[in-house]
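Novice:
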Amino acid sequence: MNKLIIEARINEYAGRGQNPHVPWSPEEIAEAATQCREAGAAIVHFHARAEDGSPEHDVAVYADIIRRIKTESDILIHPTLGAFANDGDAAQRIQPILDLAKDPQTRPHFAPLDMGTTNIDAYNPAAKAFRSDEAVYMNTTKTLLHFAEQLKATEVRPYASLWNVGFTRQFLAFIDMGAIAEPAFACLIMTGDDLPAAHPGTEQGLGAHTMFIPKDRNIHWTAMNHGGDLLALVPKIIDEGGHVSIGLGDWNYIDAIDGASTPTNAEVVGRVSELSRLAGREVATPTEAAEILGVEI
Ligand code: ZN
Numbered sequence: 470m471n472k473l474i475i476e477a478r479i480n481e482y483a484g485r486g487q488n489p490h491v492p493w494s495p496e497e498i499a500e501a502a503t504q505c506r507e508a509g510a511a512i513v514h515f516h517a518r519a520e521d522g523s524p525e526h527d528v529a530v531y532a533d534i535i536r537r538i539k540t541e542s543d544i545l546i547h548p549t550l551g552a553f554a555n556d557g558d559a560a561q562r563i564q565p566i567l568d569l570a571k572d573p574q575t576r577p578h579f580a581p582l583d584m585g586t587t588n589i590d591a592y593n594p595a596a597k598a599f600r601s602d603e604a605v606y607m608n609t610t611k612t613l614l615h616f617a618e619q620l621k622a623t624e625v626r627p628y629a630s631l632w633n634v635g636f637t638r639q640f641l642a643f644i645d646m647g648a649i650a651e652p653a654f655a656c657l658i659m660t661g662d663d664l665p666a667a668h669p670g671t672e673q674g675l676g677a678h679t680m681f682i683p684k685d686r687n688i689h690w691t692a693m694n695h696g697g698d699l700l701a702l703v704p705k706i707i708d709e710g711g712h713v714s715i716g717l718g719d720w721n722y723i724d725a726i727d728g729a730s731t732p733t734n735a736e737v738v739g740r741v742s743e744l745s746r747l748a749g750r751e752v753a754t755p756t757e758a759a760e761i762l763g764v765e766i
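The numbering of the sequence shown is the working numbering, which starts it at 470 and goes up by one.
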């Protein structure tokens, strides 16, 4: 079986109330990336954050973070796209990635393409109410085709985020028409009870995703659980030849790791590496992951 690629999803927009080890500043993000690399991660996914933890959209901050990460390690880099300009037009939304790609010191290895539009209103099961009721993550087909086309002129590879099977079908159509080249990389999104937009983080939720990934295509999939504990599913993902995207951006992992009541991102990644070795599957270095996924280092 191919080696396991671990992606560290280190911060998203997570707070520090439950686990203080969520990195926010460029220094903290670069340090977490380096530690995750040492623990077995081949890819780091991050969102730039302001001093108070709020979303930071300045492309100069992204450039600073990527420079720092590249100085410290060889981990592959996957910044967010959604943060830049969800409300902007397609050209505006991809431009920061294209700007970062011009300089080898700031060039990311992946840019996310969420292959459809979805409601992203959080649900509060305790209050039996939604926290918002008009939050839409808008990704029209025209926008996604523009992203895919623009990325082709760079060495940044598309990273397809699949919230449900409709997104998977859109992704396969993009491959079919040549808008996304193989080997293609897709993240199967699962979410906790507070975000009903994707598949649930259960064996059934994962299985309903994987049954629609064709085996006769050169497609590699990874799985994540935003708002839920992914560790229980990791042995199944390892066994099925998938890859793992995990970190404090998605879940606090309080008391989930022996000897660490509030684990760091690296400790969570280390646990996944350990589970993989126990299952007899080796963990890929960034260089090996780049080879599997057709990424230019
Ligand atoms: Zn993200």
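Idealized CB from N, CA, C, for every residue including glycine.
When the Cα atoms are used, what is the spatial distance from Leu-569 to Ile-649?
Specialist: 20 Å
Novice: So Ile-466 and Val-513 are supposed to be a Cβ contact under 8 Å. How far apart are they, rounded?
Specialist: Outside the shown range of the chain (470 to 766) lies residue 466, about which nothing can therefore be said.
Novice: Report, in whole angstroms, the separation of the C-beta atoms of Glu-705 and Leu-675, which I expect to be a contact under 8 Å.
Specialist: It is worth fixing the name first, because residue 705 is Lys in this sequence and not Glu. 7 Å between Cβ atoms; contact.
Novice: Where does Glu-476 sit, in a helix, a strand or coil, going by DSSP?
Specialist: strand
Novice: Taking the beta carbon of Ile-723 as the centre, do at least 16 other beta carbons fall within 10 Å, making it buried, or is it exposed?
Specialist: exposed
Novice: Does the beta carbon of Thr-549 fall short of 7 Å from some heavy atom of the ligand ZN?
Specialist: yes
Novice: What ranges does the beta strand (DSSP E) occupy inside the region 481 to 527, keeping only unbroken runs of at least 3 residues that lie completely in it?
Specialist: 512 to 515
Novice: Thinking C-alpha only, which one of Phe-515, Asn-488 and His-668 is nearest Phe-579?
Specialist: Phe-515
Novice: Residues in its own chain within less than 6 Å of Pro-755 by CB, not counting five upstream and five downstream?
Specialist: Ala-511, Asp-543, Ile-544 and Leu-545
Novice: With DSSP collapsed to three states, give me the class of Arg-746.
Specialist: helix
Novice: Indicate the three-state DSSP secondary structure (helix, strand or coil) for Ile-766 in the structure shown.
Specialist: coil
Novice: Quick one: does the C-beta of His-514 sit closer than 7 Å to a heavy atom of the ligand ZN?
Specialist: yes
Novice: Does the beta-carbon of Glu-507 have 16 or more other beta-carbons within 10 angstroms, so that it is buried, or is it exposed?
Specialist: exposed
Novice: Could you say which of Arg-740, Met-584 and Ala-692 lies nearest to Cys-505 if we only look at CA atoms?
Specialist: Arg-740
Novice: To which residues of the same chain is Ala-519 closer than 6 Å at the C-beta, ignoring the five residues directly before and after it?
Specialist: Glu-525
Novice: Among Asp-583, Phe-643 and Asn-734, which residue has its Cα nearest to the Cα of Ala-667?
Specialist: Checked all of Asp-583, Phe-643 and Asn-734; the closest Cα to Ala-667 is Asp-583.
Novice: Please work out which residues of its chain come closer than 8 Å, Cβ to Cβ, to Thr-733, disregarding the five sequence neighbours upstream and downstream, and give them in chain order.
Specialist: His-490, Ala-501, Gln-504 and Leu-717
Novice: Rank Ser-523, Leu-762 and Gly-522 by C-alpha distance to the C-alpha of Pro-652 and give the top, closest one.
Specialist: Leu-762
Novice: Just to confirm, does Glu-520 get its C-beta within under 7 Å of one of the non-hydrogen atoms of the ligand ZN?
Specialist: no
Novice: Relative to the alpha-carbon of Phe-654, which residue among Asp-572, Gly-509 and Ala-758 has its alpha-carbon at the smallest distance?
Specialist: Ala-758
Novice: Out of curiosity, what's the CA-to-CA distance linking Ile-475 and Thr-691?
Specialist: 8 Å
Novice: Given a cut-off of 8 Å on the beta-carbon distance, is the pair Gln-639 and Gly-711 in contact?
Specialist: no
Novice: When we look at the beta-carbon of Gly-697 and count the other beta-carbons within 10 Å, is it buried (16 or more) or exposed?
Specialist: buried
Novice: So Leu-620 is in the beta strand (DSSP E); what residue range does that whole segment cover?
Specialist: Segment 610 to 621 is the alpha helix (DSSP H) holding Leu-620; no beta strand (DSSP E) there.
Novice: If you count every other CB in all the chains shown that lies within 10 Å of the CB of Val-764, and 16 or more means buried, which is it?
Specialist: Around the beta carbon of Val-764, a 10 Å sphere encloses 16 or more other beta carbons of the protein chains shown; the residue is thus reported as buried.
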